[in-house]
Amino acid sequence: MAAQPEEAAQTAGLKHPRLVDKNTTATEMKRNQGSDELPCRSNCAPWKECFYEKVQQRSLNLQEKKVKMIQAQKANEEKVKKREPCDWLCKEWFSDEKESLDTRTYLLDKLLPTLIPGVEKLLMQVERKKMLVPDKEPTKFDPITFLGEYLMRHNPQYDISTKPGPYLRGMKMVTEELKTEMADTAPERLARMKAEAKTKRKEREQVENMKSEQKEMRKEALAIQFKEWTVDISGRIPVALIQSALRSFLDVIASAPMDAREAIYDRKLEIVDTLEKKVNVDEFTEYVHSYTETFSNDMFQEILKHLRQCALDFQKAIRCDMWRQMFTDLFLDCDYGKDAPVAEAVKETAAKKESFLSLHSGQFGQQTSSETRLQDEDLQDQGKGPAYSDGQDSQTEAGQEFELPWSGDLLTSDLSFKYSSYGERIPEEWICENTRFADLRPIMADIENRCTSRVRSAFDENCLNLPQFVQLMETFVGQDISLPTVKSLIEFIKGEYKQTEESKIEQLEKVCHTSRLAQRKLLLEALFEKWDMNASGFLDLKEVDAVLSTFKEGMEKEALRKAKSRFSSRYPQSCRVEKLSPKAFQTFLELVASEFTGDEDEVIDNLVEFLTTSVERSWMECLQSLTRRKWLHNIQQAAETSGASMEPVYKAVFKALSQDAEAHGDNKKISAYIALLEENQLSPERGQILLHYVACTADDAPYVLNQILYKDMKGVSFAAVEEGKPIHVPRVQLHGNIHFWNCDRPVEERRGSLLVLPLQDAHWRVFGILGLDTLRDQREKTIFLTHEISFCQGVSLAFSKAYHHVCTLENVLQMALTALDWLYPRVPSIHTVITYLVEPGKDQTCDYALRKMITTDNTGQKEIHTAAVLFLRKENLLRDYLFKCIDTSEVVRTSVCGEYHIAVPLRDLSRQALGLFDISIGHHQKLPPHEHKDLQKMLKTAQAACCEILKIPSEETKATYVLEAEYMNLRHAGILFHRFMLQDLRECVQKLNAESFAEIKSFEEPPALVHNIVKAVLLLFNPKWKGSEKIESWSQCMLNLDDNLIQEIYCFDPTASSVQVQGELLLDCIGGVPRAEVWKQGSVPAEYLYNWVHTCLSLMEMTKSLQNKKAPAFTSKV
């Protein structure tokens, strides 16, 4: 079919003329005449539009006619070839002789195309004249003359060539082929390019065919793999599940290089936060193939294996979801106070549960009812955790669980969002409909919006909320138990659980009390913010006291005096500086209310109402206060989401100061900087302390960053440090004691205001300064006003909280590293340990995230993740055990991708999880007994050290010092871990007596290991005994195993300066001895002494390294 005009134009490369616009001027038309393109149609007159349309149509018609003519010519040539095939006798011109190639090519190209037809004509003429007949009379015909005349008449330059014959057509083809063999000629290069293109095309087609076959094979494999997934009633599975499986594959190939892991998928994995979006088998194959199309065969087989394991894990998740729904119904049936009575029932019916467990020993093994409690104060782990069955359930019982198809939803996936912190949540109706405190209503709503998510539950060994109870039951029954057994357990608990009316009333009262405390806290916090108009972060104690003294016309002054006396003993530092933080303000009002007569809640409400009416705030002042608090909240949020880094905090501080100077400071141009106090070890003669400038605004970085300010230098910064109060210099050019870091600034431009604020911790101790100046602003009036100074004080307090929060996280991570160093030589069965920290969501409706901080492999090698590696709940459906651990603050055991995991929470002072250890023990369901014991000891010690670290920045607690190194201000997270380990061993050793050593003394020749342990203990107290009979002779060693040795061990401080023992002496005795070998001896005293010596050795080495190390840069002065 002939091509359409438009198609023909596109085929021949014809460009559509660009028509001229109607408004084009004559000058523009002349300018366009030299261009290749015609003027634009829109710039022409109407007659020109018509003209160009006709020209365009005529051009397209001519092009179409030319295309048809060429096609007809090619068709005729094909017909001739079929009717008169080429004469291939001309192939005789082919030869392997390279020397004659040029000659043959010349003859075939220039001479023979004209000579051969002439010779043919000559032969025909000879035959017609019968000149070859014998006895023929000679004629005047001259062949040479005939041939010459023919050649002259058919000169190729003038003659129109006639129709070539078969031989000529073949010769032409041979000529073209010979030309391609001539080196360094255009035909040869063209032929070579065509050959290469043809080869590449074949290779490409072959590769495409292989890819197509591979694609089909992979899609078939994925379609087969889809059948292993548990689908809903419509035969579909959630996309979020596939995303979670693909994302977890990155952890499976963690050994691959980082760049290969980042480029493992062709496109970024999307986030699907709902289970409603689902795919069928065809959509599944296309979806997964789009991510894995570039995988190698080995990698594709790995992901198939991973998807198969994920399908099995999801099948278990569906079964567990069914159980969790049953456990939820059980809790709601038993719970009358919306609290957690079932935990009490678990303890009260222990004996009855033992009888149930004995009936189902095949399902629960040898676990007793006391083991249902996963965690107590000692952070019990897997030994008191889930009971994995031996797989003895019958196939019939197992098959009964999936007779009904899956509904397509995980019904208990949002338990923590619905039921965590029940009673602590404040109803919105209470905030919106509380008419008594109408002025505080907007502030309370803003505080609630700033609060973090309440998904996490605090751990309480005596009480469980719904998510904790469900997790407890799930861990108790394990993963391989049958559904009928679970139903029997539920019926057993329902039948055995009893609750009295008094208990019901007590639980209801407890919930009401918890709710009242939460409402009171919110109310008092809102009152504090109403008083603190400029967001300074504190209130003046004298001002609050003066207003309270007028309550009830001054009739309660005596009660107020008693409350102040009690408050001063509880917060002595706040009374000294006469400042009230939000927590201290709340405590102060509660103490005042406790001294008044009447119901405490009613008294507090009256106090709040009185104090609210005592201050008047305009609408603009309230709006300004809300804006400033949002900026302060951003500073704290930056610290909580920084991953233990100070850089985001510095940026948030400077951003808050700049925003306030622009919005509420008459658009001032400010410079800001932060300096921290450090011990002066470089030049002690210039002062005991110095100020190290660690951060500043970008424009001042070349002059201020990393500078050192000594006490003998000019400046008012040290005055602010010593007085603990802000110093404002309205005009620096008139002060005379100002140190200018930018020496390049001319003297006449050194004008402006300076504000220096002390950075104070929770106990109002100064650890640095925050400085602001307006030297970059050359306006006349750049003085900091009172409300600006107050807000800057609020920024300094917000930075202080953020700084100590980051320092606390750093100490927790350092403690975790020390704990893992202690653990790995003792528990070699552990495969990997990943340490996570919890990061809050952006608001109370957002879920938290888990940041991966430390990964430790089976060799003990650690990878500290500096880049953010965040785990979100909606992205990790198949690793939800991590979030269950954080939600419930309980130990969770499960199997993921064929490996058994123990998730152990690390709790804060409120007993909520702030992080967790994800411990993988590979394919082992349980650890050996001695390894399990050491793991439990490590977790217990790590939790105790973590709580001690968290107490340091608290305003209500003080640090506890036990070792001399801590008194010497060498407080270190690693020291804390070993200090608690030492304290625990002291208590264990103190319980020993002479009878405990009887077994060891009974040896005439004890095992060499036991003898070496005793030698190490004695050398620690008496290093001079090395090589003497007192330790080399067992009979002499036995004499020292008495109560005096126990007392010396209990009082020994390995960090004391009086200890001069060389660590090599101890290592010669117990160095390189595996922990398992000590356990095999079966001697409890030997085991205690072995651990005690190793702990002392670790503390000695750590103290020595800290003494030789330079004082850390960003350490607050305490």
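Quick note on my numbering: the sequence shown kicks off at 295 and runs consecutively. Every residue gets a Cβ at the ideal spot worked out from N, C-alpha and C, and that includes glycine.
Integer-rounded CB distance, given that residue j should sit under 8 angstroms from residue i
i	j	result
F1085	A829	6 angstroms
L1144	F1165	4 angstroms
I1307	V1387	7 angstroms
I1077	P1024	5 angstroms
W1035	Y997	4 angstroms
Q1237	L1200	7 angstroms
Inter-residue spacing [alpha-carbon to alpha-carbon] between residue i and residue j
i	j	result
W700	P778	18 angstroms
K466	G442	23 angstroms
M1394	A1239	18 angstroms
Y444	P450	12 angstroms
E697	Q603	Since pLDDT at E697 reaches only 48, below the 50 mark, its modelled position is unreliable, and no value is offered.
A1443	A1056	Lying before the first or after the last residue shown, residue 1443 is absent from the chain, which here runs from 295 to 1412.
S919	E785	57 angstroms
T1102	H807	32 angstroms
A645	L624	With a pLDDT of 41 at A645, under the threshold of 50, the modelled position of that residue is not reliable, and no figure is offered here.
V374	I364	16 angstroms
K1404	H1305	Residue placement at K1404 cannot be trusted, given a pLDDT of 48 that sits under 50; the coordinates are not used to answer.
T935	A491	57 angstroms
R980	Q1001	15 angstroms
C1191	D607	7 angstroms
V1185	S1214	13 angstroms
L1400	Q1356	17 angstroms
V988	L970	7 angstroms
H1029	K1019	18 angstroms
L999	T1080	28 angstroms
P437	K404	22 angstroms
D545	L1270	32 angstroms
V771	K599	28 angstroms
F1093	V943	7 angstroms
M827	E915	7 angstroms
S1392	P1222	25 angstroms
Short Cβ contact (7 angstroms threshold) for residue i with residue j
i	j	result
D526	K1168	no
E795	K836	no
I1196	N1105	no
I968	L821	no
K473	P481	yes
R750	Q1206	yes
V533	K571	yes
F1291	L1229	no
I964	L1066	yes
T906	D733	yes
E1225	V1121	yes
L1172	S542	yes
K423	F435	yes
T1112	A1259	no
A517	T586	no
Y1283	I1343	The question names Tyr, but residue 1283 in the sequence shown is Val. Closer than 7 angstroms, so yes.
Those residues which DSSP pairs with residue i across a bridge
i	result
D1212	I1128, A1197
D1471	It is not possible to answer for residue 1471, since the shown part of the chain is limited to 295 through 1412.
E1157	T1149
Y967	C990, G1065
S1189	Y1194
W700	D526
K873	D834
K572	P532
I1002	H986
V1023	L1048
Can you list, in chain order, the stretches of the beta strand (DSSP E) that have 3 or more residues and sit fully within the stretch 1049-1116?
Taking only runs of at least 3 residues, the beta strand (DSSP E) segments lying wholly in the stretch 1049-1116 are 1060-1067.
At which residue ranges does the stretch 339-415 contain complete alpha helix (DSSP H) runs of 4 or more residues, listed in the order of the chain?
340-377, 395-400
Segments of 4+ residues assigned as alpha helix (DSSP H) that fall wholly inside the stretch 747-814
760-771, 777-790
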